[in-house]
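Working notes for the structure below.
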Amino acid sequence: MNIEQGTSKDEAERRALVRISLLGEASSWLTAPLELRETLQRVTRLMVPALADACVVQLLGRGLASAPEHTRPQLEELVVAHVDGAVERRIRALTPDWGAWLHRTHGAREVVRTGQLQLVSNLASEPDDESEPSLMRELAASVYIALPLHARGQLIGVLSFVHCTSTRAAFDAQLLSELAQRASGAIDNARLYEEAQRAIAVRDDLLAVVSHDLQSPVNAIGMTVKSLLKDPALTADASVLRSLALIERTS
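Counting in our numbering, the sequence shown runs from 623 upward without gaps.
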């Protein structure tokens, strides 16, 4: 989406409008009350086919970005979009070691290690490594870029793009970085929302257990007090009567 020399004014205006539209829709993610999975799917759907032939969002588990280098990070989420539905299903079916990192030397693992954007502008020139399956080769990919997703000062995941056709315009790194920033905020909000929902569910479960456990003894207290209130020898004493009435109200 870079505007190259000789590009017509109409084409430049069209690309500018596309850029504004994409950024506007991405900004709406921040206020949309979405579940995490739906947020990730919206991110990939926006990118494909507007910006790339394939887009993958990968999220790291809590605290894994700061784990020791020798520790292999694990992915909590892997969401894929591709212009070809059959290829999209193929990527989802891949094993984590093959498919999750997309590119073995410049992919998400390298983004996690460095925290920096990774770009391979000419995948066709890269040497084949027959000892390890190449997803890029299977996709006939020409260009690959992976960007870090940061939220509240922490790396939370990686956003990857693939061009599989030579007819696509070049990547606009600035636009992709801005989209990644907005996606990071939306994903972080969705995660916080899910955490809040889980906390509410735990609280409700605890209250249900406590209520169930207390029901029998409280009922026993209530019935005992009602029986005592029927005893004239007890109710004749005003202080005892007040105490029994308080216990009954409390139970």
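Note that beta-carbon positions come from the ideal geometry of N, C-alpha and C, so glycine has one too.
Values in this document were obtained by computation on a predicted structure and should not be read as measured data.
Chain-order list of residues whose beta-carbon lies under 6 Å from that of residue i (same chain, five-residue window excluded)
i, result
"D810", "A773"
"P690", "Bear in mind that a pLDDT of 47 at P690, under 50, signals an unreliable position, so the model cannot answer this."
"L868", "none"
Burial state of residue i (16 or more Cβ within 10 Å)
i, result
"V733", "buried"
"A823", "exposed"
"S650", "exposed"
"I642", "exposed"
"L798", "buried"
"L639", "exposed"
"A830", "exposed"
"A648", "buried"
"Y711", "What sits at residue 711 in the sequence shown is Arg, not Tyr. The residue in question, R711, is exposed, as its Cβ has fewer than 16 Cβ neighbours within 10 Å."
"L828", "exposed"
"R825", "exposed"
Sheet register partners of residue i (DSSP bridge)
i, result
"S764", "None, per the DSSP bridge assignment."
"Q680", "L700, V780"
"A741", "The sequence shown places Leu at residue 741, rather than the Ala named in the question. In the DSSP output, where bridge partners are listed per residue, L741 has I767."
"A773", "Q776"
"H785", "V765"
Beta-carbon proximity of residue i to residue j, cut-off 8 Å
i, j, result
"V679", "L658", "no"
"A715", "R667", "no"
"L700", "L739", "no"
"L802", "L777", "Here the sequence assigns Ala to residue 802, which means Leu is not the residue at that position. No, they are not a contact pair."
"V784", "D632", "no"
"S764", "C786", "yes"
"G779", "L682", "yes"
"P671", "V709", "no"
"A812", "L656", "yes"
"V847", "S873", "yes"
Other residues of its chain near residue i: CB distance less than 8 Å, five sequence neighbours each side excluded
i, result
"L814", "none"
"L856", "L850, V862, L863, L866"
"E752", "With a pLDDT of 46 at E752, under the threshold of 50, the predicted position of this residue should be treated as unreliable, and no value is reported."
Beta-carbon proximity list for residue i, same chain, < 7 Å, skipping 5 on both sides
i, result
"L741", "I767"
Using 8 Å as the threshold, is the segment 835 to 846 in touch with the segment 856 to 864, meaning 3 or more CB pairs across them? no
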